[in-house]
Amino acid sequence: MDSAAVQAHDASGHDQAGRAGEFNLVSANPKSVLTGAHFMDGDHAACEGALAAGANFAAGYPITPSTEVVERFAARAPLVGATFLQMEDELASSIAILGAAWGGAKSFTVTSGPGFSLMMEHIGLAAMTETPCVFVNVQRGGPSTGLPTLPGQGDMMQARWGSHGDYEIIALSPNSPQECFDLMIEAFNLSERFRTPVMFMMDESVGHMTEKVVIPPADQIKIFPRRFTALPPNEYLPFDANGDGVPEMVKAGDGYRIHVTGLTHDERGYPALNWRSQQKLVSRLVGKIRGHADEITHCNEYLMEDAEVVLIAYGITSRVALAAVQKARQEGIRAGLLRPVVVWPFPEKRIRELASKAKAFVVVEMNLGQMVNEVERCAAGTKTVLIPHAGGNVHAPEEILQVIREVTQ
Amino acid sequence: MSVSPAINPVEPFLRTERMPHIWCPGCGIGTTVNCFSRALVDSKLPLDKVAVVSGIGCTGRVAGYVKLDSFHTTHGRAIPFATGLKLANPSLNVVVYSGDGDLIAIGGNHFIHAARRNVDIKVICVNNFIYGMTGGQVAPTTPLGATATTSPYGCFEAPFNLPFLAESSGAVYVARWTAYHVRHIAHSMVEAFKKKGFAFIEILAPCPTLYQRRNKLGDGLETMRYYKQHSVIKNGASTRELKLDLKGEITVGKFVDIERPTLQDAMDQRYREVLKESYCGRGGA
Ligand code: SF4
Chain E
1 MDSAAVQAHD ASGHDQAGRA GEFNLVSANP KSVLTGAHFM DGDHAACEGA LAAGANFAAG
61 YPITPSTEVV ERFAARAPLV GATFLQMEDE LASSIAILGA AWGGAKSFTV TSGPGFSLMM
121 EHIGLAAMTE TPCVFVNVQR GGPSTGLPTL PGQGDMMQAR WGSHGDYEII ALSPNSPQEC
181 FDLMIEAFNL SERFRTPVMF MMDESVGHMT EKVVIPPADQ IKIFPRRFTA LPPNEYLPFD
241 ANGDGVPEMV KAGDGYRIHV TGLTHDERGY PALNWRSQQK LVSRLVGKIR GHADEITHCN
301 EYLMEDAEVV LIAYGITSRV ALAAVQKARQ EGIRAGLLRP VVVWPFPEKR IRELASKAKA
361 FVVVEMNLGQ MVNEVERCAA GTKTVLIPHA GGNVHAPEEI LQVIREVTQ
Chain A
410 MSVSPAINPV EPFLRTERMP HIWCPGCGIG TTVNCFSRAL VDSKLPLDKV AVVSGIGCTG
470 RVAGYVKLDS FHTTHGRAIP FATGLKLANP SLNVVVYSGD GDLIAIGGNH FIHAARRNVD
530 IKVICVNNFI YGMTGGQVAP TTPLGATATT SPYGCFEAPF NLPFLAESSG AVYVARWTAY
590 HVRHIAHSMV EAFKKKGFAF IEILAPCPTL YQRRNKLGDG LETMRYYKQH SVIKNGASTR
650 ELKLDLKGEI TVGKFVDIER PTLQDAMDQR YREVLKESYC GRGGA
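For the protein sequence lines, the chains are E and A, in the order given.
For what it's worth, our numbering labels the leading residue of the first sequence as 1, then goes sequentially.
For what it's worth, our numbering labels the leading residue of the second sequence as 410, then goes sequentially.
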């Protein structure tokens, strides 16, 4: 399995921090960047990614298999000017990071399935109040307590719509420790760019596998800074989204005397409990993600130029799928892999394009069918086959290869 | 009362464009907000550095009416939000302003842990003995025998003694007043603002629409009369012994005023001790 090769074929063709085009990116703070080649697992790499991204506040509650992320952060925080607090539960962790964000910090929390369920309340509040922050979920088998020490990918739809009400979210899915580092920076950048909570959907395998992780010098890491307003308090409307649907922010204590509420609100941030305000606000919250899907989505493609059979897989599963694709090629089958790196918003456009060329889509995921429904929706009739797995262990490449053979017959 | 609105001392602290407020006539919450405004004047806190955090409920709406940085969060979670806010921005004076159901039932776990950690936040709890916003349901503060919509035959669960809970969890400042004790409330708030650490003020307040009416306790005015006649000020009283029930004596006063390191101080001190010059301080990354 060659994850470096997967990364080399970045279909979006541009480096992630550079996507934001017209915005001024800044270099990472060298104090927080552990430049060099390391041998570390995905959990530790995610922590280093967060630090490099400028995270200076984390709150968490212990839960397997994610705890190493905050253990490392707890050790590193006082050395780099950051704050860590272990809270009494995930409800507290997930809102402490919102308080910290409004205090001016870049913040994140880390959990796994059962804790993720508890955090749904504040993923909704973060979406509604447009609070930039990152939620890391190192997925394990579920439902409920499930398989605490073994992998799963069963929280993908929960990451998208697990909190009540209507909203859109951004979610990323790394497939290696190196990506846990790299994509964490992208996660923070996207959360600042769009003022939205970003879900960082790891899995136990990626979290606990140890590989080489190269951390570049700070000046090569590009950070999207918070979009603080330049307007004076008397001209500033906290939720007036001028232009691209994303309002500029302030922090508490700067004299703006803002009001921030989870109630439906108007541009002033004041409660406005009527259908017109609801329509306007929720449409904008959803629209700022959907309307920028081309800027946000990000896929890696491997051997796709002439592919008849398109495998779709994300996270750890994409590495097994790649092994199967390579074996299929040896047999002369024109198989390729499309790997959503940003899983939400879904790379709808790309799948639709492929649907006109491919013979079949084969979706490999460690659940009994979540992302496959999205693929099927965009496949417009092109044959779509799911290779499910309830979790606890990755797929066997042979099992995937067998399905590839079958769909080409 | 003949106070002209122009010189109403509260007005500069309110988002007047949001008036009229949602509270019922005779409700005690507005009275506590008056006291809060008075305390802000008296304490001379820089208003740009005061942030109010509320949860959900009738009192939870306070954050929406004060002309300060204000956060109306989720049900029960004002305290952990405030914890993050304060740690990220230590120059803020963070006040949590919420009701008994919000802070003590659904938010009870956060309440005891913030007190234990001695987070430097001020918690003002308006106790109206029921859930007001949702129509008068039984709360962990409802006195034995009192009726509520979900305890139609009278409450049979023992209520929390909030000052005792706060003190035993680690609060460094604990007081209880009723909405009748406006000067005492304002004075306690000033003291709490000056105090470093987790300060807790319980304010018993009439909810004439639900609690008083259902329990035939009269209107707001009558409740004030009851508060006046039945409250006994016992500063320094043992919180374990405080009286409060449906119709009897109410112990009010300041019960706890002690010093111990705040979460932030303890954190800094520990890091400095162990890490020496490698400790970077906080808020820098
Ligand atoms: S329901 Fe009770 S607590 Fe709520 S506003 Fe009315 S009187 Fe006040």
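In this text, a Cβ means the ideal position worked out from N, Cα and C, and glycines have one as well.
Remember, predicted model here, so these are calculated numbers, not experimental data.
E:Asp182: buried (16+ other C-beta within 10 angstroms of its C-beta) or exposed? With 16 or more Cβ atoms within 10 Å of its Cβ, E:Asp182 is classed as buried.
Compute the beta-carbon to beta-carbon distance between A:Thr648 and A:Pro572, rounded to the nearest angstrom, for a pair I have assumed lies under 8 Å. Indeed, because the Cβ distance is near 4 Å, the residues count as touching under 8 Å.
Contact defined as beta carbons within less than 8 Å: I believe E:Gly262 pairs with E:Thr129. What is the distance between those atoms, to the nearest angstrom? Correct: roughly 6 Å between the Cβ atoms.
Would E:His164 be called buried (16 or more neighbouring beta carbons within 10 Å of its own) or exposed? Of the other Cβ atoms in all chains shown, fewer than 16 fall within 10 Å of the Cβ of E:His164; this residue is therefore exposed.
In three-state terms, what does DSSP make of E:Arg193? E:Arg193 carries a helical assignment under DSSP once its states are collapsed to helix, strand and coil.
Along the alpha helix (DSSP H) that carries A:Gly517, what are the first and last residues, could you check? Annotation: the continuous alpha helix (DSSP H) that includes A:Gly517 extends over Gly517 to Arg526.
Buried versus exposed call for A:Arg679 [16 or more other C-beta atoms within 10 Å across all chains shown]: Within a 10 Å sphere around the beta-carbon of A:Arg679 sit fewer than 16 other beta-carbons, which makes this residue exposed.
Please tell me whether A:Gly510 has its Cβ less than 9 Å away from any Cβ of chain E. It does not; no Cβ of chain E falls within 9 Å.
Helix, strand or coil for E:Pro397? Go by DSSP, reduced to three states. In the structure shown, E:Pro397 sits in a helix (DSSP, three-state: H, G or I).
Residue span of the beta strand (DSSP E) that contains E:Met40, given as start and end: Element bounds for E:Met40: Gly36 to Asp41.
At which residues does the beta strand (DSSP E) containing A:Pro572 begin and terminate? Unbroken run through A:Pro572 is the alpha helix (DSSP H), Leu571 to Ser578; no beta strand (DSSP E).
Mind checking whether the beta-carbon of A:Thr618 lies closer than 8 Å to any heavy atom of ligand 1? Yes; taking the cut-off as 8 Å, the Cβ of A:Thr618 has a heavy atom of ligand 1 nearer than that.
At which residues does the alpha helix (DSSP H) containing A:Cys444 begin and terminate? Here the alpha helix (DSSP H) through A:Cys444 covers Ile438 to Ser452.
Option in E:Arg350, E:Tyr256 and E:Glu331 with minimal Cα separation from E:Asp294: Closest by alpha carbon: E:Arg350.
Measure the alpha-carbon distance for A:Asp509 versus A:Ala614 and round it to whole angstroms. Spanning the alpha carbons of A:Asp509 and A:Ala614 requires a straight line of approximately 11 Å.
Rounded to whole angstroms, what is the Cα-Cα separation between E:Gln220 and E:Ile95? In a straight line, the C-alpha of E:Gln220 is about 32 Å away from that of E:Ile95.
Chain-ordered neighbours of E:Val260 on chain A, where CB pairs are closer than 9 Å: Correct list: Ala472, Asp478, Ser479, Phe480, His481 and Thr482.
Output, in chain order, the set of chain E residues within a Cβ distance shorter than 8 Å of A:Thr556. The contacting residues do not exist; A:Thr556 stays about 30 Å from chain E at best.
Interface residues of chain E facing A:Asp457 [CB-CB closer than 8 Å]: Ordered by position in chain E, the residues that pass the 8 Å Cβ test against A:Asp457 are Gly253, Asp254, Gly255 and Arg257.
Measuring CB to CB, does E:Ala92 end up less than 9 Å from A:His522? By the CB criterion at 9 Å, E:Ala92 and A:His522 fall inside the cutoff.
Any contact between the segment 432-440 of chain A and the segment 621-633 of chain A? By contact I mean 3 or more CB pairs, one from each, below 8 Å. Of all C-beta pairs linking the segment 432-440 of chain A to the segment 621-633 of chain A, three or more are shorter than 8 Å, placing the two stretches in contact.
Does A:Tyr680 have its Cβ less than 9 Å from a Cβ in chain E? A:Tyr680 counts as touching chain E.
A:Val471, enclosing beta strand (DSSP E) - first and last residue: Segment Val471 to Tyr474 is the alpha helix (DSSP H) holding A:Val471; no beta strand (DSSP E) there.
I need the straight-line Cα distance from A:Thr559 to A:Gln546, nearest angstrom please. Cα to Cα, the separation comes out at about 5 Å.
If the cut-off is 9 Å on Cβ atoms, which residues from the segment 161-172 of chain E count as contacting chain A, listed in chain order? Per Cβ criterion, the list is empty.
Relative to ligand 1, is the shortest distance from any of its heavy atoms to the C-beta of A:Asn537 smaller than 8 Å? Result yes, Cβ under 8 Å from ligand 1.
Any non-hydrogen atom of ligand 1 closer than 8 Å to A:Pro615 Cβ: Because some heavy atom of ligand 1 lies under 8 Å away, the Cβ of A:Pro615 counts as near it: yes.
Would you mind telling me which residues of chain E sit closer than 9 Å to A:Asn518, beta carbon to beta carbon, in chain order? Going along chain E in sequence order, the residues near A:Asn518 (Cβ under 9 Å) are Glu88, Asp89, Leu91 and Ala92.
Can you check DSSP and say which residues form a bridge with E:Cys47? Per the DSSP secondary-structure output, E:Cys47 pairs with nothing in a beta bridge.
Under a Cβ-count criterion, where at least 16 other Cβ atoms within 10 Å of its own Cβ denotes burial, should A:Thr550 be classed as buried or exposed? Within 10 angstroms of the beta-carbon of A:Thr550 lie 16 or more other beta-carbons, which makes it buried.
Should E:Gly253 be counted as a contact of ligand 1 given a C-beta to heavy atom distance under 8 Å? The beta carbon of E:Gly253 sits no closer than 8 Å to any heavy atom of ligand 1.
Could you tell me whether the Cβ of E:Ser419 comes closer than 9 Å to any Cβ of chain A? It is not possible to answer for residue 419 of chain E, since the shown part of chain E is limited to 1 through 409.
Give the residues of chain A in contact with E:Glu68, contact being defined as C-beta atoms less than 7 Å apart. What E:Glu68 touches in chain A, judged by beta-carbon distance under 7 Å, is nothing: the nearest beta carbon there is about 20 Å away.
Could you confirm whether any beta carbon from chain E is found closer than 9 Å to the beta carbon of A:Glu489? Position check: residue 489 of chain A holds Pro in this sequence, whereas Glu was assumed. So yes, A:Pro489 belongs to the interface.
A:Ile438: beta carbon under 8 Å from a heavy atom of ligand 1? Result yes, Cβ under 8 Å from ligand 1.
Say yes only if the C-beta of A:Gly541 is nearer than 8 Å to one or more non-hydrogen atoms of ligand 1, and no if none qualify. Flag set: Cβ of A:Gly541 near ligand 1.
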